[in-house]
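Contents: one structure, followed by commentary.
Numbering (our numbering), first residue to last: 46 to 375.
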């Protein structure tokens with residue numbers, strides 16, 4: 046399964062690794078791991094993201110090597126942790142980038158079950174894995190590429206981030222096996238966690254804001270759907286300190302009776318983004334109604350519509366998904 050990806054990488058000398066405009070621990074850890082591994086293999090690698098890396102991700106060593114300038118004088122682009130056009134819209138809107146992607150080899154490394162809808166030719170390396178970092182470990186191992194202690198740490202961060210510390214439902218025995226091998230290569234989860242906790246500390250202002258968000262939560266469908274709205278003003282004020290959605294989303298999912306928690310962010314250009322977490326495997330189904338995707342228990346979408354319209358459609362989509370799930374389990 047790695048042959049095409051290996052050939053693209055072997056044939057390239059200069060490589061740019063691209064993250065989507067919503068960087069997270071998996072996308073950042075995977076990007077830096079690729080940079081470490083491929084640089085050790087003699088490649089010239091640059092890291093690109095169209096937005097600044099948020100402060101709460103800066104516990105990941107090497108975050109400051111990610112730049113917002115796209116180097117078009119490269120041989121190969123590698124997109125990590127997404128195969129969706131809508132999640133790289135800022136990338137595609139950057140002058141010269143779409144033309145580059147349409148005229149150069151592109152490798153996409155992802156782990157989401159949603160089918161690729163990228164609007165340019167690409168080679169997809171995807172596997173059922175808890176994180177893109179797990180897929181990258183498989184690629185590196187298959188090619189006997191050197192994995193330094195730092196690269197091992199980066200991949201462990203990616204896996205731990207997307208699996209919420211190996212607690213999500215898609216964690217497998219293979220995931221634990223990979224993590225064990227990464228630790229054997231020099232990754233220290235305790236050191237990672239110590240840095241992460243330091244950067245995850247909340248200011249009194251953010252803690253007060255969390256209380257405001259909790260007060261805004263609305264419940265629908267007899268309490269099975271919990272929804273919170275994060276308007277643009279909040280995004281501007283707090284996002285650099287902490288992702289507003291993640292302040293409350295997992296706690297919403299843990300409220301008695303709730304099956305699905307959704308955080309919707311609204312932007313001045315009419316864009317809305319939805320982040321979903323669920324206790325039953327319907328997140329991807331609900332996100333799919335809006336052209337989004339992800340995983341069965343965690344997914345997302347992006348649309349351009351009014352907030353009220355999206356909420357109405359979200360309630361309908363969730364109701365349908367709940368009924369379909371119930372019909373298959375009874």
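Glycine residues also receive a C-beta, built at the ideal position from the N, C-alpha and C atoms.
Within 8 Å, strictly: CB atoms of residue i and residue j
i           : j           : result
residue 77  : residue 105 : yes
residue 275 : residue 308 : yes
residue 322 : residue 342 : yes
residue 120 : residue 57  : yes
residue 269 : residue 303 : yes
residue 188 : residue 51  : yes
residue 216 : residue 175 : yes
residue 331 : residue 305 : yes
residue 324 : residue 298 : yes
residue 329 : residue 158 : yes
residue 164 : residue 130 : yes
residue 156 : residue 180 : yes
Rounded distance between the beta-carbons of residue j and residue i, thought under 8 Å
i           : j           : result
residue 154 : residue 74  : Contact doesn't hold; Cβ gap of about 12 Å is too wide.
residue 293 : residue 273 : 6 Å
residue 79  : residue 90  : 7 Å
residue 151 : residue 173 : Incorrect: roughly 22 Å between the Cβ atoms, too far for contact.
residue 208 : residue 220 : 7 Å
residue 349 : residue 316 : 6 Å
residue 277 : residue 318 : Incorrect: roughly 11 Å between the Cβ atoms, too far for contact.
Straight-line Cα distance separating residue j from residue i
i           : j           : result
residue 94  : residue 245 : 22 Å
residue 112 : residue 92  : 6 Å
residue 227 : residue 256 : 38 Å
residue 354 : residue 262 : 18 Å
residue 97  : residue 248 : 20 Å
residue 48  : residue 128 : 19 Å
residue 177 : residue 204 : 8 Å
residue 63  : residue 123 : 6 Å
residue 333 : residue 345 : 9 Å
residue 280 : residue 86  : 40 Å
residue 100 : residue 241 : 11 Å
residue 376 : residue 171 : There is no way to answer for residue 376, as the model of the chain reaches only from 46 to 375.
residue 134 : residue 364 : 30 Å
residue 243 : residue 186 : 32 Å
residue 313 : residue 84  : 40 Å
residue 59  : residue 139 : 20 Å
residue 182 : residue 271 : 36 Å
residue 285 : residue 339 : 24 Å
residue 265 : residue 210 : 30 Å
Neighbourhood of residue i by C-beta, 7 Å cutoff - its chain only, sequence neighbours within 5 removed
i           : result
residue 81  : 193, 195, 196 and 199
residue 254 : 283
residue 67  : 132
residue 259 : 293
Residues near residue i by beta carbon distance below 6 Å, same chain, minus five either side
i           : result
residue 327 : 366 and 370
residue 373 : none
residue 161 : 128 and 169
residue 137 : 143
residue 145 : 117
residue 231 : 194 and 197
residue 335 : 346 and 348
residue 289 : 275, 279 and 283
Identified DSSP bridge partners for residue i
i           : result
residue 275 : 310
residue 338 : 345
residue 122 : 61 and 151
residue 171 : 155
residue 263 : 272
residue 90  : 60
residue 33  : As shown, the chain starts at 46 and ends at 375. That puts residue 33 outside it, with no answer to give.
residue 111 : 92
Nonlocal neighbours in the same chain, by C-beta distance under 8 Å from residue i, ignoring five residues either side
i           : result
residue 108 : 73, 77, 98 and 102
residue 233 : 198
residue 214 : 326, 341 and 342
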